[in-house]
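Start counting the sequence shown at 146; every next residue gets the next number (our numbering).
Heads up, the beta-carbon is just placed ideally off N, CA and C, and yes, glycines get one too.
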Amino acid sequence: MSLVYLIKWEKCLDSLLNAYNMHILNIGSDGILISTDNDRDLVIKAIDEGCTAYARYYRFRMIKRGGKIDNVLDVIKPFDLWIENDLLNVVVNPLRLSTLDIARILYKLDFELELVNEEDVEFTK
């Protein structure tokens, strides 16, 4: 089970309750904490329905790109991922993966990277 924190959730909660195996752990004035089996699909559906999710945005400078991006998608299961020039941009659920987790995974997938920056973001459309 993974945890997901939705910041703006009032608009989409009804559609999520029926679509996913999830449990509401806490509802507060600032957001709602949910446990789920599939955090990526739940967050993508939530933002499609008008919610905003708490996420972490990483920018890595690619020094060596030996691995395949498809493998990164399969293992990390980011909310979003794109390459811009020599930068790998990844948006993930920080309640499931830490910076160290991501670095280890990318290294094992044959990527040599340098962290440019990381920041907490409100992930929305």
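Straight across, the Cα-Cα distance linking Arg201 with Val237 is about 5 Å. Spanning the alpha carbons of Val220 and Leu242 requires a straight line of approximately 11 Å.
For the pair Ser147 and Asp182, the Cα-to-Cα distance works out to about 6 Å. Considering only Phe205, Asp184, Val261, Asn216, the residue with the shortest C-alpha distance to Ala164 is Asp184. In the displayed model, Arg206 falls within a strand according to three-state DSSP. Two segments are said to touch when three or more pairs of C-beta atoms, one from each, lie closer than 8 Å; by this definition the segment 184-193 does not touch the segment 246-254. If the five residues before and after Pro239 are omitted, its C-beta is found closer than 8 Å to the C-beta atoms of Tyr199, Ala200, Arg201, Asp265, all from its own chain and listed in chain order. In this structure, the beta-carbon distance from Asn171 to Leu178 falls below 8 Å.
DSSP lists Ala198 as the beta-bridge partner residues of Phe268. From the listed residues Thr197, Val235, Ser174, His168, the smallest Cα separation to Ile214 is found for Val235. Pairing Arg206 with Leu258 gives a Cβ-Cβ distance under 8 Å.
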